[in-house]
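**Q**
There are 2 protein chains.
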Amino acid sequence: MKIGLLAAKTGLSIQTIRFYERKSLLAAPERTASNYRSYSEDALKQLLFIKQCRALDMTIEEIKLVLETRANPENSCENVNTTIDKHVDDIEHRIAELKVLQETLISIRSACDHDKKVKECGVLHQLDSFAEVCSSSTEN
Amino acid sequence: MKIGLLAAKTGLSIQTIRFYERKSLLAAPERTASNYRSYSEDALKQLLFIKQCRALDMTIEEIKLVLETRANPENSCENVNTTIDKHVDDIEHRIAELKVLQETLISIRSACDHDKKVKECGVLHQLDSFAEVCSSSTEN
DNA sequence: TGTAAACTCTATACTTGGTATAGAGTCAAG
DNA sequence: CTTGACTCTATACCAAGTATAGAGTTTACA
Numbered sequence: 062m063k064i065g066l067l068a069a070k071t072g073l074s075i076q077t078i079r080f081y082e083r084k085s086l087l088a089a090p091e092r093t094a095s096n097y098r099s100y101s102e103d104a105l106k107q108l109l110f111i112k113q114c115r116a117l118d119m120t121i122e123e124i125k126l127v128l129e130t131r132a133n134p135e136n137s138c139e140n141v142n143t144t145i146d147k148h149v150d151d152i153e154h155r156i157a158e159l160k161v162l163q164e165t166l167i168s169i170r171s172a173c174d175h176d177k178k179v180k181e182c183g184v185l186h187q188l189d190s191f192a193e194v195c196s197s198s199t200e201n
Numbered sequence: 062m063k064i065g066l067l068a069a070k071t072g073l074s075i076q077t078i079r080f081y082e083r084k085s086l087l088a089a090p091e092r093t094a095s096n097y098r099s100y101s102e103d104a105l106k107q108l109l110f111i112k113q114c115r116a117l118d119m120t121i122e123e124i125k126l127v128l129e130t131r132a133n134p135e136n137s138c139e140n141v142n143t144t145i146d147k148h149v150d151d152i153e154h155r156i157a158e159l160k161v162l163q164e165t166l167i168s169i170r171s172a173c174d175h176d177k178k179v180k181e182c183g184v185l186h187q188l189d190s191f192a193e194v195c196s197s198s199t200e201n
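So the sequence lines, in the order shown, correspond to chains A and B. Each residue of the first sequence is one higher than the last, beginning at 62 in the numbering used here. Each residue of the second sequence is one higher than the last, beginning at 62 in the numbering used here.
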């Protein structure tokens, strides 16, 4: 099958498929006489696997590692599990960071309830205050 | 003050300061006879303000908007508040997405408790299953 | 058979928020 | 007077794609 059909079947864009090939996530396929890429069913399955991994927010390097491991059925799957575990950890950290951020933003936002002028805006004053504190502390 | 001192005072790198200038977040400063950038205290305050906004994960475009609004004390602060509100919303969405992701990953991870071989690894089978489902459904 | 639309090819530039480098010029201390 | 620290511009790089130009190919329809 040609790249357009593969793109339609996977829901990925043509450029993304070529991008994955460049990144060695997907083996370079056969070419027709006119130099068009010609894909097998295996390529389709591989792409769907990759898409699933990307949906789990794994990086291309992580996916590459998983694919390499998967390629040999006798391999230990240890580093696949390690990759997933690390990934779970990363996301946990990110969620924690975003929660702190969220609270900070909500607290700042509460400083200006109504539509005021810039000079009276509590939000802007809050954003400023950090700058002032740091500025004076560096003047020592 | 020269850029190295400004970098030390703000905790930003020299390249980042020049980058903000290129992005018009920071006005181009005076230059010395030898073409070195020469910054005022106001530039320091502005940079700390920007740093605070970046710590809140605001984009450069968002910060630019806030800075422009802030520049005129008689302006309404409405769009500053709108920016913060939108930002809170964005983060909320992102947290929700990450939570779903986290659950999916943990569920997948639970499919392989011990260090097995690739062919027996429940994690890999889970990652595969999505591909198989999609693959067969596109064969209709 | 002609031709126009739809498809594919490569190569390149753009995005965000910086970071890192090369190669050149400048300044201060010993 | 030279060495080291500083600064300058310009350029390339990162992730994970997206978008474009300009050329060649295939398919459909008249």
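Even for Gly, the Cβ is constructed at its ideal location relative to N, Cα and C. These numbers were taken from a predicted model, which means no experiment stands behind them.
From the DSSP secondary-structure annotation, give me the bridge partner or partners of S99 of chain A.
**A** Partner(s): A:E91.
**Q** Taking all protein chains shown into account, decide if E123 of chain B is buried (16 or more other Cβ within 10 angstroms of its Cβ) or exposed.
**A** buried
**Q** How should N133 of chain A be labelled, buried or exposed, when 16 other C-beta atoms within 10 angstroms of its C-beta is the threshold for buried?
**A** exposed
**Q** Using a Cβ cut-off of 8 Å, pull out every chain A residue sitting near D146 of chain B, in sequence order please.
**A** Those within 8 Å of D146 of chain B in chain A are R170.
**Q** For chain A, is any of its Cβ atoms less than 8 Å away from the one on K125 of chain B?
**A** no
**Q** Could you check what DSSP says for S168 of chain B in three-state terms: helix, strand or coil?
**A** helix
**Q** Would you report the Cα separation of I145 of chain B and L67 of chain A, rounded to the nearest angstrom?
**A** 42 Å
**Q** Less than 8 Å between C-beta atoms, sequence neighbours within five positions excluded: which residues of the same chain meet that for C138 of chain B?
**A** Non-local beta-carbon contacts of C138 of chain B in its own chain, meaning distances under 8 Å to residues more than five positions away in sequence, involve T130 in chain order.
**Q** Pair every Cβ in the region 153-165 of chain A with every Cβ in the region 151-164 of chain B, then say whether three or more of these pairs are closer than 8 Å.
**A** Contact check between the region 153-165 of chain A and the region 151-164 of chain B: three or more CB pairs, one atom from each, fall below 8 Å, which counts as touching.
**Q** Pick helix, strand or coil for K63 of chain B, following the three-state DSSP scheme.
**A** coil
**Q** Strictly below 7 Å CB to CB, what residues from chain A border V149 of chain B?
**A** Those are Q163, L166, I167 and R170, listed as they occur along chain A.
**Q** Counting only C-beta atoms, is P90 of chain A closer than 8 Å to chain B at any point?
**A** No, no contact with chain B.
**Q** Within the continuous alpha helix (DSSP H) that includes E122 of chain B, where are the two ends?
**A** I121 to A132
**Q** How many angstroms separate the CA atom of T199 of chain B from the CA atom of K84 of chain A?
**A** Its pLDDT being 37, under 50, T199 of chain B is placed unreliably by the model, and the measurement read from it follows with that caveat. The alpha-carbon atoms of T199 of chain B and K84 of chain A are separated by roughly 26 Å.
**Q** So, is the C-beta of C195 of chain A closer than 8 Å to a C-beta in chain B?
**A** In this prediction, C195 of chain A has a pLDDT of 45, which is less than 50 and means its spatial position is unreliable; what the coordinates show is noted afterwards. It does; some Cβ of chain B falls within 8 Å.
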